[in-house]
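Student:
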Amino acid sequence: MANLNKVLLIGNLTKDPELRYTPQGTAVVNLRIAVHRRWKAQSGEQKEEVCFLTVVAWDKQAEVCNQYLRKGAPIFVEGRLQSRSWEDNTGAKRNVIEGRAERVQFLGQPIITYTIKAALDS
Numbered sequence: 088m089a090n091l092n093k094v095l096l097i098g099n100l101t102k103d104p105e106l107r108y109t110p111q112g113t114a115v116v117n118l119r120i121a122v123h124r125r126w127k128a129q130s131g132e133q134k135e136e137v138c139f140l141t142v143v144a145w146d147k148q149a150e151v152c153n154q155y156l157r158k159g160a161p162i163f164v165e166g167r168l169q170s171r172s173w174e175d176n177t178g179a180k181r182n183v184i185e186g187r188a189e190r191v192q193f194l195g196q197p198i199i200t201y202t203i204k205a206a207l208d209s
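Those letters in the sequence shown? Residues 88 to 209, per the numbering used here, in order.
#1: Inspect the beta-carbon positions of V115 and V142 and report whether they are closer than 7 Å.
#2: Thinking C-beta only, is A144 closer than 7 Å to C152?
#3: Based on the DSSP output, what are the partners of N99 in its beta bridges?
#4: Could you tell me which residues DSSP pairs with C138 in its beta bridges?
#5: Taking the continuous alpha helix (DSSP H) assigned at A149, which residues delimit it?
#6: To the nearest angstrom, how far is the alpha carbon of I162 from that of E174?
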């Protein structure tokens with residue numbers, strides 16, 4: 088049976104990145120993004136829906152995202168979906184599906200994009 092878990096998203100950050108570190112010192116950042124879909128209904132009316140997602144980036148990519156991105160920034164994310172489960176403070180089981188970034192490209196700022204690519208390549 089064939090399997091594929093690949094996500095390509097273009098959206099805008101709905102809040103500033105949230106950087107934290109694991110107990111082992113690995114950087115991880117949550118990027119909250121809004122992805123818009125616009126289409127024309129059969130009636131001719133313009134429709135729009137917005138999907139709000141959390142994308143998680145790790146290591147050096149997490150630190151670079153935290154350094155250069157701010158609320159409203161347009162980004163392109165290439166990655167995969169992942170699910171997590173945990174128990175909250177009340178003992179209730181919680182589940183979430185989020186994006187796991189393999190690559191984050193900053194849109195609309197070519198100088199910063201070049202700088203980040205150079206930083207990641209070094």
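C-beta atoms are modelled at their ideal positions from N, C-alpha and C, and glycine is treated no differently.
Tutor: Reading it off the structure:
#1: no
#2: yes
#3: A121 and P161
#4: V122
#5: D146 to Y155
#6: 31 Å
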